[in-house]
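Engineer:
Protein chains: 2
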Amino acid sequence: MPLAHFFLRERLRSGDVAVDATCGNGQDTLLLARLVGARGRVWGFDVQASAIAATHALLEVHGVSSCVELIHGGHERLAQFVPPGVRAVVFNLGYLPGSETPLTTTPENTIAALGQAAELLARGGFILICVYTGHEGGPEEAEAVEEWCRALSPKLFNAWSSRQLNRPAVAPYLVVVEKV
Amino acid sequence: MPLAHFFLRERLRSGDVAVDATCGNGQDTLLLARLVGARGRVWGFDVQASAIAATHALLEVHGVSSCVELIHGGHERLAQFVPPGVRAVVFNLGYLPGSETPLTTTPENTIAALGQAAELLARGGFILICVYTGHEGGPEEAEAVEEWCRALSPKLFNAWSSRQLNRPAVAPYLVVVEKV
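Residue numbers (our numbering), protein chains in the order written: chain X, 438 to 617; chain S, 438 to 617.
In structure tokens, the structure reads:
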């Protein structure tokens with residue numbers, strides 16, 4: 438989503454550590470890898486082997502696979518792999534692209550992953566969450582994410598949601614959580 | 438508001454043209470003047486003579502008054518003074534700070550000014566609107582602003598609202614309109 442990419446481009450720097458919690462087709466992983474560069478480090482997670490393979494292929498084509506560690510596993514296992522001091526964590530909720538059977542992220546795993554991501558953030562680091570509500574279970578997952586955000590201490594985190602006003606109501610929207 | 442200032446700092450450059458539609462105490466005017474610099478140009482509007490005087494004094498103290506033209510008049514007169522090609526227009530709705538009698542912006546004038554601002558924007562330019570809902574008439578003005586945004590052509594404008602999730606419900610929120 439353009440607003441998420443705007444944020445990443447403005448705030449990620451060479452040498453940063455970043456996480457793509459939902460690789461999917463690998464487009465966000467590729468952007469993260471380009472922005473943090475060879476001196477940086479990216480972790481990418483996906484529950485689908487096909488998504489990990491597609492992401493790996495995309496990174497290879499663009500010559501940036503060496504700074505990326507891909508994990509074939511759900512983002513609820515983030516803290517098992519990623520060390521503290523993370524600058525950016527990206528979540529794309531909803532359908533996992535390319536899955537043969539309809540497969541979506543779940544509120545339980547997403548909330549677990551968000552908690553771990555918030556712990557791992559460096560000061561000034563941020564979580565970007567692209568929220569989709571147009572599929573079954575989407576509104577419930579969106580509400581779970583917002584409830585999690587509302588409970589964050591305003592002394593430790595800024596949390597805001599950005600919705601497009603001149604698009605259909607089911608258009609994806611962006612939640613940003615920043616560690617102050 | 439911090440998010441508005443983040444946007445301005447990221448996207449305004451030396452030599453740009455910017456408008457503060459509601460000078461108030463002049464803090465936003467000062468930021469705009471600093472960002473566009475001596476090669477740029479800022480127009481500032483306020484219906485209160487005291488606000489224009491306070492803004493002028495603040496700009497003088499910081500040595501940046503020469504690039505700013507202050508207009509003692511409402512923002513609904515924007516198009517009378519400001520030429521096309523504007524990079525940023527900032528609105529702070531709600532109470533006008535420092536007024537002796539409670540004085541607020543009104544939906545009619547605000548919507549008129551927004552229409553003029555949208556016309557005057559350069560491509561890639563943007564309008565930032567800080568919306569307050571905690572005062573009498575605030576929710577109605579907020580609704581008028583969002584209704585105006587919803588009617589913008591998605592081919593010509595991106596429009597989104599950003600609300601803080603872990604702050605009280607009456608906290609101000611930000612509406613951004615970008616000309617594509």
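The beta-carbon is built from N, C-alpha and C at its ideal position, and this holds for glycine as well.
For S/Arg476, which residues in the same chain have their Cβ closer than 7 Å to its Cβ, ignoring the five residues on either side in sequence?
Structural biologist: Position 39 of the second sequence, counting from 1, holds the residue named residue 476 of chain S. Cβ neighbours of S/Arg476 beyond the five flanking positions: Ser451 and Gly452.
Engineer: Just to confirm my understanding: we take S/Ala608, look at its own chain, exclude 5 residues before and 5 after, and list those with CB closer than 6 Å. What are they?
Structural biologist: As a position in the second sequence, residue 608 of chain S is number 171, starting the count at 1. Hits under 6 Å: Gln601.
Engineer: Please report how far the alpha carbon of S/Ala581 lies from the alpha carbon of X/Val526, in whole angstroms.
Structural biologist: In the second sequence, counting from the first residue as 1, residue 581 of chain S sits at position 144. In the first sequence, counting from the first residue as 1, residue 526 of chain X sits at position 89. Approximately 35 Å, taken between the alpha carbons.
Engineer: Kindly indicate which three-state DSSP category X/Gln601 falls into: helix, strand or coil?
Structural biologist: One-based indexing of the first sequence puts residue 601 of chain X at position 164. Three-state DSSP puts X/Gln601 in a strand.
Engineer: Which parts of the region 478-529 of chain X are runs of the alpha helix (DSSP H), unbroken and 4 residues or longer, counting only runs that do not cross its ends?
Structural biologist: 486-498 and 515-518
Engineer: If you measure beta-carbon to beta-carbon, which residues of the region 583-606 of chain X are closer than 8 Å to chain S?
Structural biologist: Glu583, Cys586, Arg587, Ala588, Leu589, Ser590, Pro591, Phe594, Asn595, Ala596, Trp597, Ser598, Ser599, Arg600, Gln601, Leu602, Asn603 and Arg604
Engineer: Output needed for S/Glu513: all residues of its chain with C-beta closer than 7 Å, excluding positions within five of it in sequence on either side, in chain order.
Structural biologist: The residue you call residue 513 of chain S lines up with position 76 of the second sequence. Once the five neighbours on either side are set aside, the close Cβ partners of S/Glu513 are Asn546, Ala549 and Ala550.
Engineer: Which residues in chain X have a C-beta closer than 8 Å to the C-beta of S/Glu447? List them in chain order.
Structural biologist: Residue 447 of chain S sits at position 10 when you count from the first residue of the second sequence. When 8 Å is used as the limit between beta carbons, S/Glu447 is near these residues of chain X: Glu447, in chain order.
Engineer: Quick check on X/Glu577: buried or exposed, where buried means 16 or more other Cβ atoms within 10 Å of its Cβ?
Structural biologist: Against the first sequence, residue 577 of chain X aligns to sequence position 140. Counting Cβ neighbours within 10 Å, X/Glu577 comes out exposed, since fewer than 16 surround it.
Engineer: Name, going along the chain, the residues of the region 517-535 of chain X whose beta-carbon falls closer than 8 Å to a beta-carbon of chain S.
Structural biologist: none
Engineer: Does DSSP put S/Thr541 in a helix, in a strand, or in coil?
Structural biologist: Here the question's residue 541 of chain S lines up with position 104 in the second sequence. Looking at S/Thr541 - three-state DSSP - the assignment turns out to be strand.
Engineer: Using a Cβ-Cβ cutoff of less than 7 Å, which residues in the same chain neighbour X/His442 once the five nearest sequence positions on both sides are dropped?
Structural biologist: As a working mapping, residue 442 of chain X is identified with position 5 in the first sequence. Only Leu468 meet the Cβ criterion.
Engineer: So X/Arg524 and X/Leu449 are supposed to be a Cβ contact under 8 Å. How far apart are they, rounded?
Structural biologist: Locating residue 524 of chain X in the first sequence gives position 87, counting from the first residue. Locating residue 449 of chain X in the first sequence gives position 12, counting from the first residue. Right, the Cβ-Cβ distance comes to about 6 Å (below 8 Å), so this counts as a contact.
Engineer: Near X/Asn595, what residues of its chain come up, given a Cβ to Cβ distance below 7 Å and the 5 sequence neighbours on each side ignored?
Structural biologist: Your numbering for residue 595 of chain X matches position 158 in the first sequence. So the list reads Glu615 and Val617, once near-sequence residues are dropped.
Engineer: Less than 8 Å between the CB atoms is what I'm expecting for X/Glu556 and X/Ala588, so what's the real figure, rounded?
Structural biologist: Sequence index remark: in the first sequence, residue 556 of chain X carries index 119 (1-based). Sequence index remark: in the first sequence, residue 588 of chain X carries index 151 (1-based). The pair is not a contact, with the Cβ atoms about 14 Å apart (cut-off 8 Å).
Engineer: Say whether chain S places a C-beta atom closer than 8 Å to the C-beta of X/Leu558.
Structural biologist: Stepping through the first sequence from its first residue, residue 558 of chain X is reached at position 121. Chain S contact via Cβ: absent.
Engineer: For a quick check, are the C-beta atoms of S/Phe482 and S/Gly510 less than 8 Å apart?
Structural biologist: For this step, residue 482 of chain S is matched to residue 45 along the second sequence. For this step, residue 510 of chain S is matched to residue 73 along the second sequence. Yes, the Cβ-Cβ distance between S/Phe482 and S/Gly510 is below 8 Å.
Engineer: In or out: X/Gly575 buried (at least 16 other Cβ within 10 Å) or exposed?
Structural biologist: Here residue 575 of chain X refers to the residue found at position 138 of the first sequence. It counts as buried.
Engineer: Can you give me the C-alpha to C-alpha distance between X/Arg478 and X/Val613, rounded to a whole angstrom?
Structural biologist: Residue 478 of chain X sits at position 41 when you count from the first residue of the first sequence. Residue 613 of chain X sits at position 176 when you count from the first residue of the first sequence. Rounded to the nearest angstrom, the two C-alpha atoms are 21 Å apart.
Engineer: For X/Leu551, which residues in chain S fall below 8 Å Cβ to Cβ?
Structural biologist: Here residue 551 of chain X refers to the residue found at position 114 when the first sequence is read from its first residue. None at all; the shortest Cβ gap to chain S is about 12 Å.
Engineer: Applying a beta-carbon distance threshold of less than 7 Å, which residues of chain S neighbour X/Leu472?
Structural biologist: The residue given as residue 472 of chain X occupies position 35 in the first sequence. Those within 7 Å of X/Leu472 in chain S number zero; the least Cβ separation is about 15 Å.
Engineer: With DSSP as the reference, label X/Val617 as helix, strand or coil.
Structural biologist: Translated into positions along the first sequence, residue 617 of chain X becomes position 180. Coil at X/Val617, not helix or strand.
Engineer: Determine the direct distance from the alpha carbon of S/Gly562 to that of S/Trp480, and round the result to whole angstroms.
Structural biologist: Start at 1 with the first residue of the second sequence, and residue 480 of chain S comes out as number 43. Start at 1 with the first residue of the second sequence, and residue 562 of chain S comes out as number 125. Near 15 Å, if we compare the C-alpha coordinates of S/Gly562 and S/Trp480.
Engineer: Please report the distance separating the alpha-carbon of S/Gln553 from that of X/Ala606.
Structural biologist: Position 116 of the second sequence holds residue 553 of chain S. Position 169 of the first sequence holds residue 606 of chain X. Roughly 27 Å separates the two Cα atoms.
Engineer: How would you label S/Arg446, buried or exposed, when you count the other beta carbons within 10 angstroms and need 16 or more for buried?
Structural biologist: Along the second sequence, read from residue 1 onward, the residue named residue 446 of chain S stands at position 9. So S/Arg446 ends up on the exposed side.
Engineer: Based on Cα-Cα distance, which residue from S/Leu565, S/Arg471 and S/Leu558 lies nearest to S/Cys504?
Structural biologist: As a working mapping, residue 504 of chain S is identified with position 67 in the second sequence. Residue S/Arg471 is the option with its Cα nearest to S/Cys504.
Engineer: For X/Gly531 and X/Thr459, I'd like the C-alpha separation in whole angstroms.
Structural biologist: By one-based count along the first sequence, residue 531 of chain X stands at place 94. By one-based count along the first sequence, residue 459 of chain X stands at place 22. Their Cα atoms are separated by approximately 10 Å.
Engineer: In whole angstroms, what separates the C-alpha of S/Ser502 from that of S/Thr466?
Structural biologist: Residue 502 of chain S sits at position 65 when you count from the first residue of the second sequence. Residue 466 of chain S sits at position 29 when you count from the first residue of the second sequence. Their backbone Cα atoms lie some 10 Å apart in a straight line.
Engineer: Am I right that X/His572 and X/Thr542 are in contact with their C-beta atoms under 8 Å? What's the rounded C-beta distance?
Structural biologist: As a working note, residue 572 of chain X is residue 135 in the first sequence. As a working note, residue 542 of chain X is residue 105 in the first sequence. The pair is not a contact, with the Cβ atoms about 10 Å apart (cut-off 8 Å).
Engineer: Measuring alpha carbon to alpha carbon, tell me which residue in X/Gly474, X/Glu497, X/Leu507 and X/Val498 is nearest X/Ala486.
Structural biologist: Counting from 1 along the first sequence, the entry for residue 486 of chain X is found at position 49. Closest option to X/Ala486, Cα to Cα, is X/Leu507.
Engineer: What span of residues does the alpha helix (DSSP H) with X/Asp465 cover, start to end?
Structural biologist: Position 28 of the first sequence, counted from the first residue, corresponds to residue 465 of chain X. Here the alpha helix (DSSP H) through X/Asp465 covers Gln464 to Val473.
Engineer: Can you give the Cα-Cα distance for S/Ile566 and S/Leu611, rounded to whole angstroms?
Structural biologist: On the second sequence, position 129 is the one that residue 566 of chain S refers to. On the second sequence, position 174 is the one that residue 611 of chain S refers to. S/Ile566 and S/Leu611: Cα-Cα distance of roughly 6 Å.
Engineer: What residue range is occupied by the uninterrupted alpha helix (DSSP H) comprising S/Arg587?
Structural biologist: Position 150 of the second sequence, counted from the start, is the residue given in the question as residue 587 of chain S. From DSSP, the alpha helix (DSSP H) with S/Arg587 extends over Gly575 to Arg587.
Engineer: Residues of chain X with CB closer than 8 Å to the CB of S/Leu565, please, in chain order.
Structural biologist: By one-based count along the second sequence, residue 565 of chain S stands at place 128. Residues of chain X passing the Cβ test: none, with the nearest at roughly 13 Å.
Engineer: Take X/Pro520 and list the residues in its own chain whose beta-carbon comes closer than 8 Å to its own, dropping the five residues that flank it on each side.
Structural biologist: Here residue 520 of chain X refers to the residue found at position 83 of the first sequence. Excluding residues within five positions, the ones whose Cβ falls inside 8 Å are Val454 and Leu557.
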